[in-house]
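Colleague: The sequence shown begins at 16 in this note's numbering and counts up by one.
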Amino acid sequence: EEVRAKKIRKHGFHGQAQTYYLCQLRPGAPEVNVNQRPREFSAYRWIEPAEFDLDWLPVFKRDVYRQVRRDFFGIQL
Numbered sequence: 016e017e018v019r020a021k022k023i024r025k026h027g028f029h030g031q032a033q034t035y036y037l038c039q040l041r042p043g044a045p046e047v048n049v050n051q052r053p054r055e056f057s058a059y060r061w062i063e064p065a066e067f068d069l070d071w072l073p074v075f076k077r078d079v080y081r082q083v084r085r086d087f088f089g090i091q092l
């Protein structure tokens, strides 16, 4: 709790609580439509988990993504 309080004082924010889900499409499921309106993403691409480069992220998000990759895909960085 003390560490958290120091971070809040230093950076001036609490941040958001986030929950991640690993989902798998079933055979025969409708395709994902990323082009519907309104568009949620300006750009996207499908990649394998191991292709994801942490350098694509702001530094403050990298630890969370490392943990998600480890927990969901067994990828250690």
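Cβ coordinates follow ideal geometry from the N, Cα and C atoms, glycine included.
Bear in mind that the values here come from a model prediction, so they are computed numbers and not experimental data.
Any idea what DSSP makes of Phe-67, helix, strand or coil?
Modeller: Reduced to three states, the DSSP call for Phe-67 is coil.
Colleague: For the alpha helix (DSSP H) that contains Arg-81, what are its first and last residues?
Modeller: It spans 77-88 - the alpha helix (DSSP H) in which Arg-81 sits, taken as one unbroken run.
Colleague: Are the CB atoms of Val-49 and Glu-55 within a distance shorter than 9 angstroms?
Modeller: Cβ atoms of Glu-55 and Val-49: closer than 9 angstroms.
Colleague: Roughly how many whole angstroms lie between the Cα atoms of Gly-30 and Arg-81?
Modeller: Gly-30 and Arg-81: Cα-Cα distance of roughly 18 angstroms.
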